[in-house]
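If you number the sequence shown the way the numbering used here does, the last residue is 746 and the count never jumps. C-beta atoms are modelled at their ideal positions from N, C-alpha and C, and glycine is treated no differently.
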Amino acid sequence: MSDRSRSLAWDPTTALEALAAADVALWTWTPSEDRLRLTGATRSLGLGPLAPECTGAAFAALAMPQDRALAEHLLKSRDEGEEITVRLRMRGAETCIWRGVWLEDGLRAAGVAALEVKFAGSDTDALTGLLDRRAFVQRAREALAQPGDYELVVADLDRLRRLNEALGHERADLVLAALGSRLAAAFPKGAIPARIGEDEFAVLAPDGVAKPADRLRAALEQPLRVAGFDIYPTVSIGAVKAEGGPDAAEAAELLRRAELAVEAAKTGGQRGGAADYGRALESDSLSRLAMEADLRNAFAKGEIVPFYQPIVSLETGAVAGFEALARWRHPRKGIVPPDEFLTLAQEMGLMDDLGLHMMQTSARQLAEWLHRHPTAGALFVSVNLSTGEIERDGLMQDVSRILKETGLPKGALKLEVTESDIMRDPDRAAVILKALKDAGASLALDDFGTGFSSLSYLARLPFDTLKIDRYFVRTMGSDDGSAKIVRSVVALGRDLSLEVVAEGVENAALARQLLSVGCHYGQGFGYAPALAAQEAEVYLNESLADGFAPIKSRG
Ligand code: C2E
Ligand code: CA
Ligand code: CA
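Spelled out as structure tokens, the structure:
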């Protein structure tokens, strides 16, 4: 009897033994004394070198370099009652979830460190220590029972798959863990943060928290460095407002709506958007408008610029010309590739503006290069025409005007047209192409092999260049069918006196193979990706200095 009561009583020794047995360590941190104390399972967690006490700096120094910032984050003083959770890896130690709470207004924190699996399976996400989806819904339901205004915000991390591919799962997990602890740190007590899916975070914010969606974005979109990589996370955000009290909406339903709003933010434009439920699902969401304004402004501010990818003689390696490819120099997101904004631009009816802008800018650029490098001779720049653009009124006049304005030689401005654009109305296309040619442009048939051009049309249309789609080029080394297609397209091109450009030349072996079947030119990462104007000029300069003159004959 006395034994039993003894074991049930609060006995510090027994409690410590229990902690040790459960692989849990207890910690306290007193910033004013620069002292971190550790007891409990310090040995089995590998925290022995820090126990029984150490300085904050010693603690941070034992963290793996990628986690050092997190370790410092854990020790940062906070207001009384604020909680903190981080997942830390220390040298020679287990990966632990560290959780604590601040006592006496930033004077002291206390908490536990435990193997991350200890938290799994219960109601927390093992990676971040945040609530998991089920627990989030549960806690949100409880909170919403209290009267007041709430906002439920969901953030979906963009491009997680790419992150996984680029960094590997383990490092991508570190990114998620770091984002999780930033999220937890960004909201005051009373808000309920959670990780509700592989790449989804959520917060239920009560009344007092201003602009929770902005706060969430700000927390998650700060750059971070993991294993030597700089990561710039972007998120798509969906939000829904709710009124708490006896008639409050069901938490799971609110979550569903917020997730629908995330979807709307993503499909409403590009990644990185935000939407409110209600507005988003009615036709015009605020964020969509904001994004459109963003893109419209991008034009006005000159953020849409051509990058230039060299097109190179497979035989000599000399630069024959450049393809101008649109890039958005986004002030926050960096260089945005065209597949992330062309669809929106098209929906907004901006493609004609884009086409004209690209044509004008790259023609001027080429004129400048030719002026500075007279030996570059027959250099050309190739500009893509978007779907339907060849039918645009005024295209011919624009081309003539640009050629006159820049004084470019005949053929130096090349227009790339796709098969499908021609095949919609081949007779009409033939007339337009002839007019463009007469105006002084040269013409390339883009992505050849992907459409269904009838070869008899091809022979009748005034093309100068045939571009073999990169799909066939990429697979020609491994796929006999592709190799045959490339071989016969090259032969066809030569028969029709067309210059043949192979796209997607990613390595020297492909370049050799293409050369051996008689292909003239190559374009691809094996030579260079699309380069900013200045870098492209450097590339050109090197090609000229190598003693090569771009070998080119124009029909
Ligand atoms: P495209 O006309 O087929 O352009 C070639 C694309 O292949 C470019 O992608 C280029 O960066 C990429 N590429 C080049 N070399 C390699 C390689 O070795 N391997 C691989 N895998 N890819 C390579 P980008 O710049 O992302 O452009 C994508 C598409 O966007 C273009 O395909 C074009 O259809 C369109 N686009 C780009 N700029 C413009 C523009 O100014 N106007 C219009 N209308 N469309 C544009
Ligand atoms: Ca092209
Ligand atoms: Ca192409």
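Check: residue i C-beta below 6 Å from any heavy atom of ligand 3
{"i": "residue 694", "result": "yes"}
Buried or exposed by the 16-neighbour rule on C-beta atoms within 10 Å, applied to residue i
{"i": "residue 716", "result": "exposed"}
{"i": "residue 714", "result": "buried"}
{"i": "residue 577", "result": "buried"}
{"i": "residue 688", "result": "exposed"}
{"i": "residue 327", "result": "buried"}
{"i": "residue 596", "result": "exposed"}
{"i": "residue 711", "result": "buried"}
{"i": "residue 692", "result": "buried"}
{"i": "residue 605", "result": "buried"}
{"i": "residue 609", "result": "buried"}
{"i": "residue 659", "result": "buried"}
{"i": "residue 522", "result": "exposed"}
{"i": "residue 676", "result": "buried"}
{"i": "residue 622", "result": "exposed"}
{"i": "residue 512", "result": "buried"}
{"i": "residue 278", "result": "buried"}
{"i": "residue 195", "result": "Confidence at residue 195 is low in this model, with a pLDDT of 40, below 50, so the placement of that residue should be treated as unreliable; the coordinate-derived value is given next. So residue 195 counts as exposed."}
{"i": "residue 737", "result": "exposed"}
{"i": "residue 476", "result": "Note that residue 476 scores a pLDDT of 41, beneath 50, so its modelled location is shaky; the value from the coordinates is reported in the next line. Burial call: buried."}
{"i": "residue 729", "result": "exposed"}
Any non-hydrogen atom of ligand 2 within 6 Å of residue i CB
{"i": "residue 607", "result": "yes"}
{"i": "residue 637", "result": "yes"}
{"i": "residue 143", "result": "There is no way to answer for residue 143, as the model of the chain reaches only from 192 to 746."}
Beta-carbon contacts of residue i that lie in its chain and below 7 Å, excluding the five residues immediately before and after
{"i": "residue 731", "result": "510, 560, 564 and 567"}
{"i": "residue 718", "result": "501, 503 and 696"}
{"i": "residue 251", "result": "259, 262 and 263"}
{"i": "residue 515", "result": "497, 499, 549, 553, 572, 573 and 574"}
{"i": "residue 726", "result": "none"}
{"i": "residue 311", "result": "Interpretation of residue 311 is limited by its pLDDT of 44, a score under 50 that renders its predicted location unreliable; the figure taken from the coordinates is listed afterwards. These residues qualify, in order along the chain: 317."}
{"i": "residue 668", "result": "700, 701 and 704"}
{"i": "residue 557", "result": "570, 572, 599 and 603"}
Residue i CB to nearest heavy atom of ligand 1 below 6 Å
{"i": "residue 697", "result": "yes"}
{"i": "residue 528", "result": "yes"}
{"i": "residue 716", "result": "yes"}
{"i": "residue 516", "result": "yes"}
{"i": "residue 549", "result": "yes"}
{"i": "residue 536", "result": "no"}
{"i": "residue 721", "result": "yes"}
Nonlocal neighbours in the same chain, by C-beta distance under 6 Å from residue i, ignoring five residues either side
{"i": "residue 398", "result": "339 and 340"}
{"i": "residue 636", "result": "654 and 657"}
{"i": "residue 620", "result": "613"}
{"i": "residue 384", "result": "321, 374, 375, 378 and 394"}
{"i": "residue 245", "result": "227"}
Residues of its chain near residue i, where Cβ-Cβ distance is below 8 Å and the 5 sequence neighbours each way are ignored
{"i": "residue 163", "result": "Residue coverage of the chain in this structure runs from 192 to 746, which leaves residue 163 outside it and unanswerable."}
{"i": "residue 336", "result": "435, 436, 437 and 439"}
{"i": "residue 420", "result": "357, 358 and 362"}
{"i": "residue 292", "result": "272, 273, 274, 275, 300, 301 and 302"}
{"i": "residue 237", "result": "281, 283, 284 and 285"}
Exercise for review: Could I get the ranges of all uninterrupted beta strand (DSSP E) runs contained in the segment 241-301, with 3 residues as the minimum, in chain order?
Suggested key: 274-279 and 287-294
Review point. If you scan the segment 656-735 from start to end, which runs of the alpha helix (DSSP H) of 4 or more residues do you find wholly inside it?
Key: 661-666, 671-686 and 699-707
Review point. Does the pairing of the segment 337-356 with the segment 387-395 give three or more beta-carbon distances under 8 Å?
Key: yes
Check your understanding: What are the complete beta strand (DSSP E) segments, minimum 3 residues, inside the segment 558-589?
Key -> 571-575
Review point. Where are the beta strand (DSSP E) runs, 3 residues long or more, that stay fully inside the segment 514-549, in chain order?
Key: 525-527
Exercise for review: Enumerate, from N- to C-terminal direction, the unbroken beta strand (DSSP E) stretches of 3 or more residues contained entirely within the segment 383-452.
Suggested key: 383-388, 391-396, 415-417, 420-422 and 426-435
Practice item. Would you check if the segment 374-387 and the segment 414-426 touch, i.e. whether three or more CB-CB distances between them fall below 8 Å? Key: no
Check your understanding: Can at least three beta-carbon pairs, one atom from the segment 670-687 and one from the segment 623-631, be found at a separation below 8 Å?
Key -> no
Exercise for review: State whether the segment 699-707 contacts the segment 488-496, with contact taken as three or more CB pairs (one from each stretch) at a distance under 8 Å.
Suggested key: no
Practice item. Any chance you could list the alpha helix (DSSP H) runs of at least 4 consecutive residues sitting entirely within the segment 324-372, in chain order? Key: 324-335 and 351-358
Exercise for review: Evaluate contact between the segment 349-362 and the segment 295-305, counting only Cβ atoms and requiring at least three cross-stretch pairs below 8 Å.
Suggested key: no
Exercise for review: Inspect the CB distances between the segment 290-299 and the segment 400-409 and report whether three or more fall short of 8 Å.
Suggested key: no
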